[in-house]
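Since the structure comes first, as structure tokens, the remarks are kept for the end.
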Amino acid sequence: ELKVEQNPLFLSMQEGKNYTIYCNYSTTSDRLYWYRQDPGKSLESLFVLLSNGAVKQEGRLMASLDTKARLSTLHITAAVHDLSATYFCAAGTSGTYKYIFGTGTRLKVLA
Amino acid sequence: ETGVTQSPTHLIKTRGQQVTLRCSSQSGHNTVSWYQQALGQGPQFIFQYYREEENGRGNFPPRFSGLQFPNYSSELNVNALELDDSALYLCASRIRGALSSGANVLTFGAGSRLTVL
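Those sequence lines, one after another, are chains R and F.
Just so you know, our numbering puts 1202 at position 17 of the first sequence, and the rest follows in order with no gaps.
Just so you know, our numbering puts 34 at position 44 of the second sequence, and the rest follows in order with no gaps.
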């Protein structure tokens, strides 16, 4: 059974600092998704990673995938307050819309 | 506005009651998925519907059921409500033109927050 773990669960960081969120999954998955959720809001799609070594970047966020290690990372560069949110990774399989989500990383960027 | 619309946004029920949650997608994709998100947790897959038939289910009891209609709208029904059913219920579909269409990227609605007393 596919399981997804994220760490850390909570992250408080200063503006301007860099940090990485880790996402491990337990069995083979051929795609990895990252979503952002603001309090009381729905999930916003950030990235989808489809192959080993895939790297995607958008603004201060960069996601990567290592399928051999079953690990994805979300790197935050020079954090700003607007990045405060909960970030979820989810593993999926081609041909289905069943995602297995991690428990989320609640990020708070302090001014 | 994500392209996936859910109603109602909030509702309160008591134990033992039944609830129906609704979802519609602007682009009318033929697959819809439902997820349950308990407070402080990640979403959990309930089931998905493809062309009006359930074709995938997570670890949820039969009192969770669904329907998908020819116009691609969908319903989630929960019978015999329990306190643990209190959660945000998310409907999701694939929206044309969204990020990496073809990679099964789901667009989520804003959700229906159910409180069971």
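Ideal placement from N, C-alpha and C gives every residue a C-beta, glycine not left out.
query, result
"Assuming glycine 1277(R) contacts tyrosine 1220(R) (C-beta within less than 8 Å), just tell me the rounded distance between them.", "At roughly 12 Å, the Cβ-Cβ gap does not stay under 8 Å, so glycine 1277(R) and tyrosine 1220(R) are not in contact."
"Does the beta carbon of threonine 21(F) come closer than 9 Å to any beta carbon on chain R?", "yes"
"Check aspartate 1267(R) in the structure and name its three-state DSSP category.", "helix"
"Name, in chain order, the residues that DSSP records as bridge partners for leucine 104(F).", "Leu1(F) and Ala77(F)"
"Based on the DSSP output, what are the partners of alanine 1248(R) in its beta bridges?", "Lys1241(R) and Leu1259(R)"
"So, is the C-beta of tyrosine 1284(R) closer than 9 Å to a C-beta in chain F?", "yes"
"How would you write the range of the beta strand (DSSP E) that glutamine 16(F) sits in, first residue to last?", "Run containing glutamine 16(F): none; DSSP gives neither H nor E here."
"Beta-carbon within less than 6 Å of glutamate 42(F)'s beta-carbon, same chain only, minus the 5 sequence neighbours each way: which residues are those?", "Gln58"
"Looking at leucine 1250(R): is its Cβ nearer than 9 Å to the Cβ of threonine 1262(R)?", "no"
"Look at the alpha carbon of serine 1214(R) and the alpha carbon of lysine 1188(R), and state the distance between them as a whole number of angstroms.", "10 Å"
"Closer than 7 Å by C-beta to serine 1257(R): which residues in its own chain qualify, once you throw out the five before and the five after it? Chain order, please.", "Cys1208, Leu1217, Leu1234, Ala1248, Ser1249, Leu1250 and Cys1274"
"Using a Cβ cut-off of 9 Å (strictly closer), state whether valine 1294(R) contacts chain F.", "no"
"Please check the pair serine 55(F) and asparagine 67(F), which I expect to be a contact at CB under 8 Å, by giving their CB distance rounded to whole angstroms.", "5 Å"
"Roughly how many whole angstroms lie between the Cα atoms of alanine 28(F) and arginine 1291(R)?", "15 Å"
"Going by DSSP in three states, glutamine 27(F) sits in which element: helix, strand or coil?", "strand"
"I need the boundaries of the beta strand (DSSP E) containing leucine 1194(R), first residue and last residue.", "First-last for leucine 1194(R): undefined, no H or E at that position."
"Opposite glutamate 72(F) in the DSSP bridges: which residues?", "Looking at the DSSP assignment, glutamate 72(F) forms no beta bridge with any residue, so it has no partner."
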